[in-house]
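Which chain is which? The protein sequence lines are R and Y, in order.
If you're matching positions, the first sequence starts at 58 in the numbering used here and goes up one per residue.
If you're matching positions, the second sequence starts at 1073 in the numbering used here and goes up one per residue.
Glycine included, C-beta positions come from ideal geometry on N, C-alpha and C.
Bear in mind the structure is a predicted one, so any value in this text is a computation, not a measurement.
Reviewing the structure listed below.
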Amino acid sequence: MTAMRAWLLDEAPASPAQAAMGRAYVAWRDFAANPLALTGLIIVLLLVALAVLAPLLTAHDPYAQNLDDRLLPPGAAHWLGTDQLGRDILARILYGARITLMIVGLVAVIAAPVGLVVGCVSGYFGGWLDVVMMRVTDVFLAFPRLILALALVAALGPGIENAVIALALTAWPPYARLARAEALTIRGREFIDAARMQGATAWGIVFTQVMPLCTSSLIVRLTLDMAGIILIAAGLGFLGLGAQPPAPEWGAMIAAGRQYLFDQWWVATMPGLAILVVSLGFNLLGDGLRDVLDPRR
Amino acid sequence: MIRVEDLSVAFRAGGRVVPAVRGVSFAVPKGAAFGLVGESGSGKTTVLRTIAGLIDDWDGRIEVDGVPMGAKRDRAARRQLQMVFQDPYGSLHPRHTVARTLAAPLRLHGVGERDRRIDAALADVGLDRRFRYRYPNQLSGGQRQRVAIARALILEPAIVLLDEPTSALDVSVQAEVLDLLDRLRRERALTYILVSHDLGVVVRLCETMAVMRNGEVVETATASAFRKGAVATDYARGLIESSRGYRRETRMAEVAEAGIRTT
């Protein structure tokens, strides 16, 4: 263990991999020193583990209806109770985590790179390109997120894929703005001048010099936005425009439990708690990452 | 080696045209070091950045080895001119290791044997192999400036442009870096153009120097003339006096301090 530490913290790394790992280790040490950030990371990792291991963790089928067991309170047979069609709520929440993760992952994979490229290109090149790209960004930014998502879903038809497209389309403009602001400050740094003097092309500079420095603040912002994306995805599900029944989507589950809220509180409360915990986890993780990934370090 | 004729640069700011450099001419023979001194705002850095090809909009003529330099330059033209920047904290990419910083120009110019060249370049500036995979934040200011010098020299340019290469460093490290620059010039017959507000640095490194004020060259003289104070214009004399005056004052402060200590 100490040998490992010494290797990681070596003042004179013998390979680029050792240097990169040493750097990552120092960042991890800072991150682990923050208990709240660690809690966030554990929640997110737990979410991933639960989603992957769902079939092993529960014997119940999330789709199996059993009208004899409908609306049972939490107990030994059904730890979190059953819903109006007699389906096990715990199983539905576990399988629902897959849907939530898929939505969050897809939106992140689509929106963040688009925002990063648009912002870095806009900020580095400037001029008319910047004006045009930023006005397009402004147009997208001017639409209220949920309304645009609703309009898209209404046009393309309800369903989880369309909800993802709608969310991604409305999620990228803030990342473009953020990346552009970073690119503007990086553009004037002397290492950019040095690269230009060596004969690097403008596109080469954007991709190898500017973008890596913009990513860390983007990752932080993305993590903090995850909670919002989960909430909007749940909102679409709640309105019946996201995942369609019988898919165990958390928002749709709350919508279904709404009519039993006073007598069978667990039907809506359990998925609500799941959304709360996961959103909180992403927020804590984002805060911790912000401290570690500060580009000024 | 390099000839600058009637160079003028103007910046446009909010519809107004602000002249930064007006009709500057000078020539530097191969292997010589030429200094540009002046207060901040005198246009000396603008001259250097224009020669470097970092400013696109200028008038006049810049010739390197008899070949005129256009506003757009190809890689071969860029390779002849490299630059060491003022701020060693800003001139190295914070996420790139030393080896990566040095490999980038080699890759751009398709130069082979990168590993060997990187080691040689580091050795030339007095850094050993252990520094290869360090990040800039693991280096001191002087070490960073050495890496920046290695980066400028790794393409084997004919001319090196030095923009206040020591002003961001500690006094003790300044002397080391100046010695290094002096030695490298002798070993490789490099041509230097040095910009500084510090007369002492320029006199130390250069044979000839020009004094700039308000975008114009006020006077050109040899370094030994400057050392003797044998200059023609009042402005240059003022510069020399102010640099000496500063030294005298610090000297007196030292004497006074010593006096206090002995009594």
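- Message: Rounded to the nearest angstrom, what separates W307/R and M1155/Y at their Cα positions?
- Response: 59 Å
- Give the DSSP-derived three-state secondary structure of I1134/Y in the structure shown. strand
- Close Cβ partners of R253/R (< 8 Å) along its chain, the five nearest in sequence each way excluded: I262
- Item | Distance CB(H135/R)-CB(L129/R) smaller than 8 Å | yes
- Identify every residue that forms a DSSP beta bridge with E1288/Y. R1285/Y
- Query: Is the Cβ of M1073/Y closer than 8 Å to any Cβ of chain R?
  - Reply: no
- Query: Does the Cβ of I332/R have 16 or more other Cβ atoms within 10 Å, making it buried, or fewer, making it exposed?
  - Reply: buried
- Report yes if the C-beta distance between V277/R and T157/R is below 8 Å; otherwise report no. no
- Kindly say whether G256/R, judged by its beta-carbon, lies nearer than 8 Å to any beta-carbon of chain Y. yes
- Message: Contact criterion: CB-CB distance below 8 Å. Does A69/R meet it with respect to chain Y?
- Response: yes
- Look up D1078/Y in the DSSP assignment and say whether it is helix, strand or coil. strand
- Task: Over the uninterrupted alpha helix (DSSP H) stretch that includes Y1264/Y, give me the two end residues.
- Result: Element bounds for Y1264/Y: not the alpha helix (DSSP H) but the beta strand (DSSP E), 1263 to 1268.
- Task: Decide if the stretch 146 to 153 of chain R is in contact with the stretch 208 to 217 of chain R; the criterion is three or more beta carbon pairs, one per stretch, under 8 Å apart.
- Result: no
- Task: Label L1158/Y either buried or exposed according to how many other C-beta atoms from any shown protein chain fall within 10 Å of its C-beta, with 16 as the threshold for buried.
- Result: The residue asked about is misnamed: residue 1158/Y is Gln in this sequence, not Leu. By the neighbour-count rule (16 or more Cβ atoms within 10 Å), Q1158/Y is buried.
- Positions along the stretch 274 to 302 of chain R whose CB lies within less than 8 Å of some CB in chain Y: none
- Message: Using the three-state DSSP reduction, which class does V1156/Y fall into: helix, strand or coil?
- Response: strand
- Length of the line joining the Cα atoms of P305/R and D187/R: 43 Å
- Message: Between T1292/Y and chain R, is any beta-carbon pair separated by less than 8 Å?
- Response: no
- Message: For I1212/Y, would you say it is in contact with chain R, using Cβ-to-Cβ distances shorter than 8 Å as the test?
- Response: The sequence as given places Ser at residue 1212/Y; Ile does not occur at that position. False, the Cβ-Cβ gap to chain R never drops below 8 Å.
- Message: According to DSSP, simplified to helix, strand and coil, what is A238/R?
- Response: helix
- Item | For F1203/Y, the three-state DSSP class (helix, strand or coil) | helix
- Please classify G1095/Y: does DSSP put it in a helix, a strand, or coil? strand
- Task: Return the residue from the list G1107/Y, I1226/Y, I1134/Y, Y1161/Y that minimises the CA-CA distance to A1195/Y.
- Result: I1226/Y
- Query: Which residues in chain Y sit within 7 Å of R253/R, going by Cβ to Cβ distance?
  - Reply: L1126
- Query: In three-state terms, what does DSSP make of F295/R?
  - Reply: helix
- Limits of the beta strand (DSSP E) - the one that V1273/Y falls within: Note, V1273/Y: premise wrong, no beta strand (DSSP E); alpha helix (DSSP H) at 1271 to 1277.
- Task: Under 8 Å Cβ to Cβ from G358/R, same chain only, skipping five residues before and after it: list those, please.
- Result: Residue 358/R lies beyond the residue range present for chain R, which begins at 58 and ends at 354; the question has no answer from this structure.
- Message: By DSSP's criteria, G1103/Y is part of a beta bridge. Which residues make up the other side?
- Response: Paired residue(s): none; G1103/Y is not in a bridge.
- Message: Taking the straight line between their C-alpha atoms, what separation do you get for G285/R and L198/R?
- Response: 15 Å
- Message: Our contact map puts W1130/Y next to T1122/Y with C-beta atoms below 8 Å; I'd like the distance itself, whole angstroms only.
- Response: 5 Å
- Message: If distances are taken between C-alpha atoms only, which option among Y1307/Y, R1204/Y, L1079/Y comes closest to R1218/Y?
- Response: R1204/Y
- Please report the residue range of the alpha helix (DSSP H) in which L311/R lies. The question names Leu, but residue 311/R is Ile in the sequence shown. Note, I311/R: alpha helix (DSSP H), 307 to 314.
- Task: Taking C-beta pairs closer than 8 Å, name the residues in chain R that Y1207/Y reaches, listed in chain order.
- Result: A76, R80
- Query: How should T258/R be labelled, buried or exposed, when 16 other C-beta atoms within 10 angstroms of its C-beta is the threshold for buried?
  - Reply: exposed
- Quick one: Cα of P1140/Y to Cα of I1134/Y, how far? 6 Å
- Could you list which residues in chain Y have their beta carbon closer than 9 Å to that of L270/R, in chain order? H1165, P1166, R1167
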